[in-house]
Every structure is written in C-alpha cells, then in structure tokens.
Amino acid sequence: MILGRGYDTKGLFYRFYEVGTNREDANKKKFGISDDNKFYIENNTLQGKPAHKLARNYLVTQIRKNKTYKEKK
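Numbering-wise, the sequence shown is residues 1 to 73 according to the UniProt record's numbering.
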C-alpha cells in the first residue's frame, strides 16, 4: 500500500506499508510500517526494498485509483 511521497538524498520516493509483514526489530518497531520502506523511480520503473529484507526488490506493476462511493440520499 503506497501512502505518501517525499524527497531525500536519493531523490523522489513513495513510502509503502508492507501489509503482510508483522516482524519487529529489537525496539519492537514493526518492519511492515517502517519509514525505510520506500519506492524510487529507477530505469523508468517504481521499485524498492523492504526494511526487513534488503536482498529482496519489489517492483510496482499496477496502480489503481481508490474507489469512490456515492452518498446515499
């Protein structure tokens, strides 16, 4: 789940939550909601590494708009 964007020394990034991860570090901070979970645009793709497993690389393959619901009258 992509939840925001920002800018750091590596450039523009999009923060993401890894909803299926419940592992914690030594300070009981959950890896799935880490501030280090960031996607960057590289080679015309949106990709990044999760904080809990830097050897893994995630590649965004689809982006969709949120559903909107009409208010019932």
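Positions of the beta carbon are idealized from the N, C-alpha and C atoms, including for glycine. Keep in mind the model is a prediction, meaning the values are calculated, not measured.
Could you check how far apart the C-beta atoms of G6 and Y17 are, in whole angstroms? I think they sit under 8 Å.
Approximately 15 Å separates the beta-carbon atoms of G6 and Y17; this is outside 8 Å, ruling out the contact.
Compute the distance between the beta-carbons of K49 and N43, then report whether it is under 8 Å.
no
Going by C-alpha to C-alpha distance, which of D8, Y40, K38, L46 sits closest to Q62?
L46
Using the three-state DSSP reduction, which class does G63 fall into: helix, strand or coil?
In the sequence under discussion, the amino acid at residue 63 is Ile, which differs from the Gly named in the question. Of the three classes helix, strand and coil, the one that applies to I63 here is coil, per DSSP.
One question on the structure: do N37 and A55 come within less than 8 Å of each other, judged by their Cβ atoms?
no
Taking the DSSP output, what are the residues bridged to I2?
F16
Given G11, which residues of its chain have a CB within under 8 Å of its CB, disregarding the five upstream and five downstream residues?
Y40, I41
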